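Residue numbers (my numbering): 449 to 894. Beta carbons are placed, not taken as given, at the ideal position from N, Cα and C, and that holds for glycine. Just so you know, these numbers come straight off a predicted model, no measurement behind them. Structure record follows, encoded as C-alpha cells.
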Amino acid sequence: MAQAFTYQQRLDQLKQRINSSQKKKNIRIKKGTTSNLFRYQGQKLKRATKIPLKEFNHVLTINKENLTLEVEGLTTYGQIVAELLPQGFLPTITPELKHITVGGAIVGIGIESSSYRYGFVHDGLIEADVLLPNGTVITCNANNEYSDLFYGLPNSYGTLGYILKAKIELIPAKSYVKINHTRFTWVRSYLWAMKKAVRQKRADFIEGLFYSKSEFYLTEAYFVDEAPHLDDIYQNIYYKVAREKSEMFLPTEQYIFRYDPDWFWNIPEVGISQLFRKYAPKSLRSSGFYNRYSTWKRKILSFLPSVGNTKEQLIQDWEVPWERAATLIKFALNYVNLNDKPWVALPIISSKYSTLYPIRAKKTYFNLGSYCLTEKPREDIDYYYTKIMDNECFRLSGRKMLYSSTFIDKRRFDRLYNGTAYQALKEKYDPNSLAPTLFEKAVENK
C-alpha cells in the first residue's frame, strides 16, 4: 500500500484495511508504540486480526492564536514536546514519560505537576476522531451528537474506541524551569503548605516527594527565561538531587521528563548501571527503552524455572479527596515499605467537567503515586501492598487509576467506576462486544 502523507490519506487506508477484515470475528488494534499499562501478571490476549495504527503518529496543526494543537492519537509526548517547545508552547498537561501517547493519556488518565492548574490530560481535550470497535470513525466534542462519547473517553482505556486524532489546548512555555524544594517534618504542615501553594497559584508546577513520617519535600517550579546554571539529571538522578538541593534549574524539556532518564527510580544505582548511566547515549536513557527491555526480560524469564522471586511491583496511583490526604499518607507510611524510594504527591483539580472517570470537577484531590519494586511482605498473598492500598483508597472515597493491576470483583468495580453509565456507552458504541469491557481489560487483563 502506498505511503500516506496526510491524515486523511492515512484514514482512508485504515478504512480499507478494516473493510478487508470485516468478516473476521475478532479485530485488535496494533498500536506500534510502547504500552504504559502495567499488568503484574501479563495480559491474556485472544487471537485476533490486528489492524495497525502506528502511522497515526504525526503532529498536524499548531494554532498559535487560539493555543490549540491537532495531533494524531499515537503521537508520543516526546514527539509533541520536541515540536512545540521550540515554538514556546506545551500541552496543558504533559505526562512525565516520553513514550506515553496523547490518545493513551486521554483514555487512560494522565496527570503531572501542572494538574493543580489544568486537571487531567482529558481536561485539555477539545475534540477527537475516534475509531469505534466496528471500524466506524466518528468525531466527538462536548456539544455534538456524540458528546456522550466525548465525556466517556476518559477512563475507557480503548474499550469504546481508539483516538486517531485529537484537538487539545496549549499553554505558553519558556526555555527553563526554576525548581524550589522545601523540606517539612510533619505531614500536616506539609499538606497545609501544599494547599497554600495551590490557592496562591503562583507556581507553574506543584508536586511533592516524601520518604518517611519526618521527611517531606514540597516542589514549586516556575518557567524562567534564563538559568544561572543547569543541573544534570542524566548523570545525577533527579529524585536524589531534589533531596539534596533546595534549588535547581533545568531546561524545560528535562523538567517535563525529569523522571524519564531513570524510569522514575527503577534503574539500579550500583554496578554496571552506573556505567550505563555515565556512557549510554540519551536515546537509550528513556522510559520507552527500559519498558521494551523489561518486556523482553520477562518473556525470557517466563521460560526458566522459578527461583522464588521476593520482589513484586507496586506501580500505582491513588486519588482521594483533599481532606483525606493525611489519612492516606499515614496509612502508606505505616504499612508499606518502599525501601527509601519516594512516594510522589500531586494536588489535582479537574478544571472543567465531570466525565466517566469518577472524579468531581472543581474539587481538589490528592494523588499518591508509587513507582517501584518492593520486597514481598507476605509470602502467602501476592501483591499485598497493592491490595491494602487499594482498599484504603476506596474506604476514603477515593479512586485509583486503572493503568496498573486491580484486584476487585465486578460488582465493586462497577460501583466504583460508573458501571451503569459505562454500560450504556458500551451498548451504544460497541453493541456487538467487539472490544473487551473496561472490567475485562482492567481486572481480567484481556
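Check, Outcome
"Can you tell me the Cβ-Cβ gap for T607 and A883, rounded? I've got them flagged as a contact below 8 Å.", "5 Å"
"Starting from F887, trace the alpha helix (DSSP H) both ways and give me its first and last residue.", "L886 to A890"
"Assuming W791 and M837 form a contact by the criterion Cβ under 8 Å, report the distance between their Cβ atoms to the nearest whole angstrom.", "11 Å between Cβ atoms; not a contact."
"In whole angstroms, what is the alpha-carbon distance linking N592 and E892?", "34 Å"
"Which runs of the beta strand (DSSP E) at least 3 residues long sit entirely within the stretch 499-582? Give them in chain order.", "507-511, 516-520, 537-539 and 573-579"
"Just to confirm, does S637 get its C-beta within under 7 Å of one of the non-hydrogen atoms of the ligand GTP?", "The ligand GTP is absent from the structure shown, which contains no ligands of any kind."
"Name the one or two DSSP bridge partners that N782 has.", "DSSP, once it has assigned bridges, lists no residue as partnering N782."
"What are the partner residues of I763, as DSSP defines its beta bridges?", "Y819"
"Can you tell me whether DSSP reads W791 as helix, strand or coil?", "strand"
"Based on Cα-Cα distance, which residue from A530, D596, R458 and A614 lies nearest to V550?", "A614"
"Are G600 and L816 closer than 8 Å when you measure CB to CB?", "no"
"Alpha carbon to alpha carbon, how far is E617 from E575?", "10 Å"
"Exposed or buried, which one is A773 when buried takes at least 16 other CB atoms within 10 Å?", "buried"
"Distance, Cα to Cα, A530 vs L545?", "13 Å"
"Nearest to Y703 by CA position, among P602, I541 and R647, is which residue?", "I541"
"Hey, out of R465, N603, Y687 and Q683, whose CA is closest to Y865's CA?", "N603"
"Helix, strand or coil: how does DSSP classify I796 here?", "strand"
"Could you give the C-beta distance for I554 and I611, rounded to a whole number, given that I count them as a contact under 8 Å?", "6 Å"
"Are at least three pairs of beta-carbons, each pair with one atom in the stretch 670-683 and one in the stretch 621-628, less than 8 Å apart?", "yes"
"Closest to T667 by CA distance: which of D652, N589, K661 and S660 is it?", "D652"
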